Amino acid sequence: MSSLLDSIAIVLASPAQRHAAWSLNSAHWRGPLTSQAFIDREAQLSQSALASGDGGLYFVAVPKDSVEGKGGHADANVEPVVYASCKALRKRVLVRRPGCAVEETTAYGIGSVYTRPDMRGRGLARYMLQAVQRELDIRGAVLSVLYSDIGRKFYADLGWVAMPARTAVMPISKSLAGEPEGVTWLSDEDLQRVTAQDTKQLHDSLATDASSPTARIAFLPDFAQLDWSLQRSQITAQALPTSVSQTTAVLRRRGAQTSSGTSWVWWDHRLHDGQLKILRLAVDGADATARETLLRAAHHEAAAWGLSEVVVWDPRGAEFSEVIDRDLGVPCLRWQNGEEKNIEWVCNEYYAWL
1 MSSLLDSIAI VLASPAQRHA AWSLNSAHWR GPLTSQAFID REAQLSQSAL ASGDGGLYFV
61 AVPKDSVEGK GGHADANVEP VVYASCKALR KRVLVRRPGC AVEETTAYGI GSVYTRPDMR
121 GRGLARYMLQ AVQRELDIRG AVLSVLYSDI GRKFYADLGW VAMPARTAVM PISKSLAGEP
181 EGVTWLSDED LQRVTAQDTK QLHDSLATDA SSPTARIAFL PDFAQLDWSL QRSQITAQAL
241 PTSVSQTTAV LRRRGAQTSS GTSWVWWDHR LHDGQLKILR LAVDGADATA RETLLRAAHH
301 EAAAWGLSEV VVWDPRGAEF SEVIDRDLGV PCLRWQNGEE KNIEWVCNEY YAWL
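For the sequence shown, the UniProt record's numbering assigns the number 1 to the initial residue and increments by one for each residue that follows.
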């Protein structure tokens, strides 16, 4: 095994290597999309506010002899060979350590971890992720997160500790799916305004909460993060085969806000899964009426698209009578250099996923 890993380099992908990685892992990650539609979506998202420039890092495991003496890049005239890959997107995060003020700092979300089938079971994914850890630590990221679909142990052994994965799945109810009152629909044009308000409120809330014996973190639901999520939702909806979407899907209602303007919800139309997945549910204080109103809006939108359920991550409130601990998309968190162990993840919602 060591001889294999000795022959492999983990590098930041060139454009050609990035395209090769997308083509390779499309078989696993594309879902109902064609391989080309998946590649096109990933290319478009790589230019989003969240991932463009050095905000998005794309790592590939390649033959060492393909990059040696070439400045870490493969020969542009040769089709790249990629054994494994992943991406890391830079995110803004709030951190409040015990006895300290709230600090805004940098974190990374890691996603699309993939190893070529014929290279699996040989320690390559572990080797790549250890290299990613070192790179993110060098870049000063206070923490990194990923979402596991393969259980909790593999990533825990690498230092990413599984966090609570509480989920509420709400079947669409006719009693809740009627036209909601007391809400304003949110569109893409509202994103800048509402996310600015949301990030301020979240910062203020974390700053004024009573001191905790644990470190508390919260990813900021800012414009770049929500814009990436909503772009992904729209691109996917429009690229779906007509057998899935029935028509070209233009998503106009991206969320809802209470008439008071102090509570809101953003959602992701998962048309191919039959789900409306809540990205962010921000409720002013413990306002149960506002929460119920926004959930009614979500049910109405889901019913309008013929979806069967509304899914909420990290649900709070009496409205969620049945909460499960999911096995897919389990959030896992690693502190810089593996230092901090006792951590509470505030607003552990779907908007932080990638």
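Glycine residues also receive a C-beta, built at the ideal position from the N, C-alpha and C atoms. Here the structure is a predicted model, which is why all the values come from computation and not from measurement.
query	result
Determine whether the beta carbon atoms of residue 269 and residue 177 lie at a separation below 7 Å.	no
Check for me: the beta strand (DSSP E) holding residue 85 runs from which residue to which?	84 to 96
Among residues of its own chain, excluding the 5 on either side of residue 342, which ones have a beta-carbon nearer than 7 Å to its beta-carbon?	214 and 215
Of all the options 332, 323 and 201, which has the alpha carbon lying nearest to the alpha carbon of residue 171?	323
Beta strand (DSSP E) containing residue 217: first to last residue?	215 to 219
State the start and end residues of the unbroken beta strand (DSSP E) segment that holds residue 132.	Where residue 132 is concerned, there is no enclosing beta strand (DSSP E), although the alpha helix (DSSP H) it sits in stretches over 124 to 138.
Measure the Cβ-Cβ separation of residue 291 and residue 186 and say whether it is below 7 Å.	no
Let me know the secondary structure DSSP gives residue 29 once reduced to three states.	helix
Pick out whichever of 119, 146 and 121 has its Cα sitting closest to the Cα of residue 132.	146
When the Cβ atoms of the stretch 105 to 115 are set against those of the stretch 126 to 142, are three or more pairs found closer than 8 Å?	yes
Run through the DSSP bridge pairs and tell me what residue 108 is partnered with.	90 and 144
Among residues of its own chain, excluding the 5 on either side of residue 203, which ones have a beta-carbon nearer than 7 Å to its beta-carbon?	94 and 102
For residue 29, collect the residues of the same chain with a Cβ closer than 8 Å to its Cβ; drop the 5 residues on either side in sequence, then sort them by chain order.	38, 112 and 114
Any idea if residue 174 is buried or exposed, counting beta-carbon neighbours within 10 angstroms, 16 or more meaning buried?	exposed
Using three-state DSSP, classify residue 325 as helix, strand or coil.	strand
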